[in-house]
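Q: Numbering-wise (the working numbering), the sequence shown opens with residue 1 and increments by one.
Please find one structure pasted underneath; my questions will follow.
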Amino acid sequence: MAEDLACGGPGGPPRLNFSSILSLGEVGIRFLSNRSTELDPTRTVSLIDQLVTPAAITYYPKQSVKKFNNGNMTAMRAAPPVLLLSHGTTLLTGEDSHIRDYWLYHGNKAVEYGIKGIIIMGAHWNVPGRKIKVAMNPDPKAQPIALVSRSKYGHYKPNADLKTGARCMEMLKAAGFEVEADLKCNWLIDTFPMIFRMFPGKCPPVTIISQNSYFEPHFHIEIGRVLRPLRKEGYLFMGSGGGVHNLYRTEWRNIIKWRDNFAQELPPEPTHLEFRQALEDVICKNGGGPAMKQGVVRLMKHPYYRDAHGTDDHYMPTCFIAGVVGEEEDRKDKGVLGAELWELRNQAETQFAFGEWP
Numbered sequence: 001m002a003e004d005l006a007c008g009g010p011g012g013p014p015r016l017n018f019s020s021i022l023s024l025g026e027v028g029i030r031f032l033s034n035r036s037t038e039l040d041p042t043r044t045v046s047l048i049d050q051l052v053t054p055a056a057i058t059y060y061p062k063q064s065v066k067k068f069n070n071g072n073m074t075a076m077r078a079a080p081p082v083l084l085l086s087h088g089t090t091l092l093t094g095e096d097s098h099i100r101d102y103w104l105y106h107g108n109k110a111v112e113y114g115i116k117g118i119i120i121m122g123a124h125w126n127v128p129g130r131k132i133k134v135a136m137n138p139d140p141k142a143q144p145i146a147l148v149s150r151s152k153y154g155h156y157k158p159n160a161d162l163k164t165g166a167r168c169m170e171m172l173k174a175a176g177f178e179v180e181a182d183l184k185c186n187w188l189i190d191t192f193p194m195i196f197r198m199f200p201g202k203c204p205p206v207t208i209i210s211q212n213s214y215f216e217p218h219f220h221i222e223i224g225r226v227l228r229p230l231r232k233e234g235y236l237f238m239g240s241g242g243g244v245h246n247l248y249r250t251e252w253r254n255i256i257k258w259r260d261n262f263a264q265e266l267p268p269e270p271t272h273l274e275f276r277q278a279l280e281d282v283i284c285k286n287g288g289g290p291a292m293k294q295g296v297v298r299l300m301k302h303p304y305y306r307d308a309h310g311t312d313d314h315y316m317p318t319c320f321i322a323g324v325v326g327e328e329e330d331r332k333d334k335g336v337l338g339a340e341l342w343e344l345r346n347q348a349e350t351q352f353a354f355g356e357w358p
């Protein structure tokens with residue numbers, strides 16, 4: 001069914017001029033600005049006014065609609081960071097939150113940096129058998145974002161990077177993977193909404209890599225390891241999954257009746273809190289390097305893993321990213337929890353980054 005539908009700085013952003021605290025039992029996230037800079041909202045262009053909330057306009061300058069880097073790395077100082085993000089419910093795209101601000105921060109930095117493109121693995125495109133697929137539809141369409149007005153995103157055009165997609169296929173085939181091009185895939189809600197909020201001015205070239213439906217952690221780590229050299233060329237690697245994502249254990253009544261995805265009448269269940277803390281420990285205490293790969297595999301044997309992830313699909317992007325930042329030379333890349341909130345009581349939308357923008 002899913003295959004028929006589609007293919008898919010450390011701490012808080014330094015441009016933020018606010019503090020935001022989400023207290024849920026003993027779990028909290030605080031954003032503190034590194035410097036205070038008042039920005040003039042009149043500097044924003046009309047397109048940004050349509051797409052970005054007034055609150056976000058206050059925090060960020062207008063996003064340049066400049067061309068993305070299609071050359072080599074001669075003008076770049078260092079590789080971009082690697083992002084492991086939770087895409088959350090569709091309302092996370094439609095409602096104001098510090099997570100949307102965090103996404104926009106990384107989008108602005110990526111445009112400023114001049115990335116060559118994005119290479120991303122989401123959670124909703126699962127290919128049966130032993131193979132994986134790469135999105136090669138030259139004119140992909142975006143899956144409708146439920147509960148979000150189409151007027152907010154209907155004009156936004158996905159930008160499939162066929163050249164990089166073909167290159168990724170060659171690299172994966174050379175490493176022994178069974179890889180196919182998917183010429184009909186469209187962009188799902190694990191990919192399109194987050195990129196749309198990160199890059200409201202213009203969609204960068206994007207290459208989407210599928211999961212394999214056996215959900216084998218070492219398999220997906222190896223995909224990331226094989227493709228990791230592209231990071232040094234200026235590609236932004238992203239994993240789009242979920243920190244805690246078990247739809248069997250979420251509470252739906254407030255989003256169904258009131259469209260309130262942030263309602264929190266009770267704290268998250270202790271099992272979910274425990275796994276969320278274990279995930280943060282593995283990422284933030286280890287950072288990049290071999291221990292990251294070992295840690296994310298070990299977490300699948302955590303006593304509360306199945307409570308936190310009723311299915312494995314939203315955890316595989318974590319394994320993919322572990323492969324991207326899992327070598328000895330990646331030890332320098334500090335793991336940072338940059339933003340977080342909870343939806344539907346028990347769904348943790350953690351936002352991690354490895355490394356910093358130069």
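C-beta atoms are modelled at their ideal positions from N, C-alpha and C, and glycine is treated no differently.
In this text the structure is predicted, and so the values were computed from the model without any measurement.
Measure the C-alpha to C-alpha separation of Gly87 and Leu227 and round it to an integer number of angstroms.
A: Here the sequence assigns His to residue 87, which means Gly is not the residue at that position. The straight-line gap from Cα to Cα measures roughly 22 Å.
Q: Under a three-way DSSP split, which group does Ile115 fall into?
A: Three-state result, Ile115: coil.
Q: State the Cα-Cα distance for the pair Glu269 and Asn346, rounded to the nearest angstrom.
A: One C-alpha to the other measures close to 7 Å.
Q: Going by Cα to Cα distance, which pick from Glu233, Asp330, Ile255 and Asn137 is closest to Glu180?
A: Among Glu233, Asp330, Ile255 and Asn137, the Cα nearest to that of Glu180 belongs to Asn137.
Q: By DSSP's criteria, Phe262 is part of a beta bridge. Which residues make up the other side?
A: None; Phe262 has no bridge partner.
Q: Would you mind reading off the limits of the alpha helix (DSSP H) that contains Asn286?
A: From DSSP, the alpha helix (DSSP H) with Asn286 extends over Pro270 to Asn286.
Q: Taking the alpha carbon of Leu354 as the reference point, which residue from Leu344, Glu340, Glu343 and Gly335 has its own alpha carbon closest?
A: Rather than Leu, the amino acid found at residue 354 in this sequence is Phe. Answer by Cα proximity: Gly335.
Q: Can you give me the C-alpha to C-alpha distance between Ala272 and Asp307, rounded to a whole angstrom?
A: Correcting the residue identity first, residue 272 is His in this sequence and not Ala. So the alpha carbons of these two residues sit roughly 7 Å apart.
Q: Quick one: give me the first and last residue of the beta strand (DSSP E) that Gln211 is part of.
A: Residues Val206 to Asn212.
Q: Give the secondary structure of Gln347 by DSSP, where H, G and I count as helix, E and B as strand, and everything else as coil.
A: It is a strand residue.
Q: Which value, in whole angstroms, describes the spacing of the CA atoms of Cys203 and Tyr156?
A: When rounded, the distance between both Cα atoms is 8 Å.
Q: Quick check: the Cα distance between Ile119 and Ser210, rounded to an integer number of angstroms?
A: About 11 Å.
Q: In the structure shown, what three-state DSSP assignment does Ala166 receive?
A: Of the three classes helix, strand and coil, the one that applies to Ala166 here is helix, per DSSP.
Q: CB-CB under 7 Å to Cys284, same chain, minus the five flanking residues each way: which ones, in chain order?
A: Closer than 7 Å at the Cβ level, and outside the excluded window around Cys284, lie Gly335, Val336 and Leu337.
Q: What would DSSP say about Glu328, mapped onto helix, strand or coil?
A: Looking at Glu328 - three-state DSSP - the assignment turns out to be helix.
Q: Starting from Val127, follow its DSSP beta bridges and name the residues at the other end.
A: In the DSSP output, where bridge partners are listed per residue, Val127 has Asn212.
Q: If I follow the unbroken alpha helix (DSSP H) through Phe196, where does it start and stop?
A: Phe196 -> alpha helix (DSSP H) spans Phe192 to Met198.
Q: Compute the Euclidean distance between the alpha carbons of Ala291 and Gly326, then round it to the nearest angstrom.
A: The straight-line gap from Cα to Cα measures roughly 7 Å.
Q: Comparing alpha-carbon positions, which option in Glu170, Met300, Phe275 and Asp260 lies nearest Phe147?
A: Here residue 147 turns out to be Leu, not Phe, going by the sequence shown. Residue Asp260 is the option with its Cα nearest to Leu147.
Q: Please classify Ala135 as buried or exposed, where buried requires at least 16 neighbouring CB atoms within 10 angstroms.
A: Ala135 should be labelled buried.
Q: Would you mind sorting Gln143 into buried or exposed? The rule is 16 or more other CB atoms within 10 Å of its CB.
A: Counting Cβ neighbours within 10 Å, Gln143 comes out buried, since at least 16 surround it.
Q: Starting from the Cα of Trp357, find the closest Cα among Gly114, Arg100 and Tyr304 and give me that residue.
A: The option with the nearest alpha carbon to Trp357 is Gly114.
Q: Expressed to the nearest angstrom, what Euclidean distance is found between the alpha-carbon atoms of Val282 and Leu162?
A: The straight-line gap from Cα to Cα measures roughly 34 Å.
Q: Give me the Cα-Cα distance between Met171 and Gly165, rounded to the nearest whole angstrom.
A: Taking the straight line joining both Cα atoms gives about 10 Å.
Q: By DSSP, does Gly360 sit in helix, in strand, or in coil?
A: Residue 360 is absent from the structure shown; the chain starts at 1 and stops at 358.
Q: Along the chain, where does the beta strand (DSSP E) containing Gly241 start, and where does it finish?
A: Its beta strand (DSSP E) spans residues Tyr235 to Gly241.
Q: State the beta-bridge partners of His245 as determined by DSSP.
A: Its beta-bridge partners are His309.
Q: Check Arg30 in the structure and name its three-state DSSP category.
A: Note that Arg30 has pLDDT 33, beneath the 50 cutoff, so the model's placement of it is unreliable and the number below is only indicative. In the structure shown, Arg30 sits in a strand (DSSP, three-state: E or B).
Q: Looking at the structure shown, is Leu341 part of a helix, part of a strand, or coil, going by DSSP?
A: Residue state, collapsed to three classes: strand.
Q: DSSP state of Gly289, grouped into three classes?
A: In the structure shown, Gly289 sits in coil (DSSP, three-state: anything other than H, G, I, E or B).
Q: Return yes when the Cβ of Tyr315 is within less than 8 Å of the Cβ of Phe275, no when it is not.
A: Cβ atoms of Phe275 and Tyr315: not closer than 8 Å.
Q: Could you pull the DSSP bridge partners for Gly335 from this structure?
A: Note: Gly335 sits in a beta bridge opposite Phe354.
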